[in-house]
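Converting from the sequence shown to the working numbering requires adding 4 to each position, the first position being numbered 1.
Yeah, the Cβ is synthetic: ideal placement off N, Cα and C, and Gly gets one too.
Presented below is the structure to which this report refers.
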Amino acid sequence: IDQPTAYKLYPGDNCIPLSSKKAWWRKRASFVDYHVWVTPYDENERFGSGNYPNQSQCDIGLLKYTEKDRSIVDKDIVLWYTFGVTHIPRQEDFPVMPVVICGFTLKPNGFFDINPASDIPKPIKKTNETCCKN
């Protein structure tokens, strides 16, 4: 009650890159340095990696978006959540890896004063009788 309407991020299993920050590919993928980034909405900022990460030679994407140091107060924001898997092989993974679970959940928060599922009509006795009497 009296809380802002929002979504809560519930992260799943996650990891950080095992490579050095000096690795060549990290120059094109600086978005993996942090799990959460927040920027004000900009229709031209569509990808955390930037528009053409495979063709770039330097940091693009979220690193450039956040360098602008724009305010997020009273703005529509974008939450960029970076998640991934570092696969440590085990015997069961050979010859076919069965499964890896990776993900997150966004849950609404503050949308209602009470649980809307609680606002249902009281049962009518006629419809509440058992169907298998006798």
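- Counting the other Cβ atoms within 10 Å of the Cβ of Phe35 gives 16 or more, which makes it buried.
- With 16 or more other Cβ atoms from the protein chains shown falling within 10 Å of its own Cβ, Arg32 counts as buried.
- Assignment of Leu67 by DSSP, reduced to helix, strand and coil, places it in the helix class.
- Between the alpha carbons of Asp46 and Leu22 lies a distance of about 31 Å.
- Cβ-Cβ distances below 8 Å link Gly52 to Phe35, Trp41, Gly65, Leu66, Trp84 and Thr86 in the same chain, with the five nearest sequence neighbours on each side left out; the list follows chain order.
- DSSP links Ile81 through a beta bridge to Pro44.
- Excluding sequence positions up to five before and after Asn113, its CB lies within less than 8 Å of the CB of Gln7, Thr9, Ala10, Tyr11 and Lys12, all in the same chain and listed in chain order.
- In the structure shown, Pro125 adopts coil according to DSSP, grouped into three states.
- Lys72 sits in coil when the DSSP states are folded into three classes, being neither helix nor strand.
- Of the candidates Phe115, Gly16, Pro44 and Ile128, Pro44 places its Cα closest to the Cα of Asp78.
- From the listed residues Cys106, Asn119 and Ile124, the smallest Cα separation to Asn18 is found for Cys106.
- Leu110 has Leu13 as its beta-bridge partners, per DSSP.
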